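*Asks:* 1 is the number of the first residue of the sequence shown in the UniProt record's numbering; add one for each residue after it.
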Amino acid sequence: MISLAALLTTDGERLEEIKRLWREATALKREAAAEVRASVILDKARRAAKEETRVILQAAREEAAKLRDEAIKNAVEEAESLLAAGRAAAEQVLEEAREESRRMTEEGRLELDALVDRRKDINTEIARVQDVLTALEAFESRPGAGAMAEDPEAVEKSPATGSPRWGRRKRAQPD
Numbered sequence: 001m002i003s004l005a006a007l008l009t010t011d012g013e014r015l016e017e018i019k020r021l022w023r024e025a026t027a028l029k030r031e032a033a034a035e036v037r038a039s040v041i042l043d044k045a046r047r048a049a050k051e052e053t054r055v056i057l058q059a060a061r062e063e064a065a066k067l068r069d070e071a072i073k074n075a076v077e078e079a080e081s082l083l084a085a086g087r088a089a090a091e092q093v094l095e096e097a098r099e100e101s102r103r104m105t106e107e108g109r110l111e112l113d114a115l116v117d118r119r120k121d122i123n124t125e126i127a128r129v130q131d132v133l134t135a136l137e138a139f140e141s142r143p144g145a146g147a148m149a150e151d152p153e154a155v156e157k158s159p160a161t162g163s164p165r166w167g168r169r170k171r172a173q174p175d
């Protein structure tokens, strides 16, 4: 049989063991509850982080789209500006070329008119010289009355018979 003192000692030890186990169980329960709370908090934090990341990514995409659109708009404006400047420069060059063409055409006309006038003057002078030469020929080749009768060829060579004037051409009509 077991004595009462042994039982108390055994029961006391058991009681102490139960208290100790109870404290350990309570501590484990608290730890488990803390872990559950931490897990819930962590899960909420993960969800919040995911949501925040999604929001940040969406905002970044929107900002990137805005920047891209703005860059495209600026590039288009710059291209249009360069195109307008190029067109203006081309128009200016074209106008300068037209003006130069008009000036050169007018100079050419003036030179042509001067050449035509000069040609007329030269043709007039040639006609005068030919008239003088014809008169000289007629004067030099006039045979005496008796010489014509004696030399039948002299009659053929005389200007009265229609011999051509040497060097004389039809007068060209001025252009």
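Backbone N, C-alpha and C define an ideal beta-carbon position, used for all residues, glycine too. Owing to the predicted nature of the structure, the values given are computational and were not obtained by experimental measurement.
Roughly how many angstroms separate the alpha carbons of Asp69 and Ala89, rounded to a whole number?
*Replies:* Counting from one through the sequence shown, the residue named residue 69 turns up at place 69. Counting from one through the sequence shown, the residue named residue 89 turns up at place 89. Going by the C-alpha atoms only, they are around 30 Å apart.
*Asks:* Ser39 to Ala33, Cα distance in whole Å?
*Replies:* Locating residue 39 in the sequence shown gives position 39, where the first residue counts as 1. Locating residue 33 in the sequence shown gives position 33, where the first residue counts as 1. About 9 Å.
*Asks:* Consult DSSP for Arg98 and reduce its assignment to one of helix, strand or coil.
*Replies:* Counting from one through the sequence shown, the residue named residue 98 turns up at place 98. DSSP places Arg98 in helix when its eight states are reduced to three.
*Asks:* Can you tell me whether DSSP reads Ser39 as helix, strand or coil?
*Replies:* Along the sequence shown, one-based indexing puts residue 39 at 39. Here Ser39 sits in helix by DSSP.
*Asks:* Just the Cα atoms here: how many angstroms apart are Arg102 and Gln92?
*Replies:* In the sequence shown, the residue the question calls residue 102 occupies position 102. In the sequence shown, the residue the question calls residue 92 occupies position 92. Distance between the alpha carbons of Arg102 and Gln92: 15 Å.
*Asks:* Rounded to the nearest angstrom, what separates Leu136 and Ile126 at their Cα positions?
*Replies:* By one-based count along the sequence shown, residue 136 stands at place 136. By one-based count along the sequence shown, residue 126 stands at place 126. If I take the Cα positions, the gap works out to 15 Å.
*Asks:* Where does Ala147 fall in DSSP's three states?
*Replies:* For the purposes of this step, residue 147 is taken as the residue at position 147 of the sequence shown. Unreliable positioning characterises Ala147 in this predicted model, as indicated by a pLDDT of 47, which lies under 50. The coordinate reading is nonetheless provided below. DSSP places Ala147 in helix when its eight states are reduced to three.
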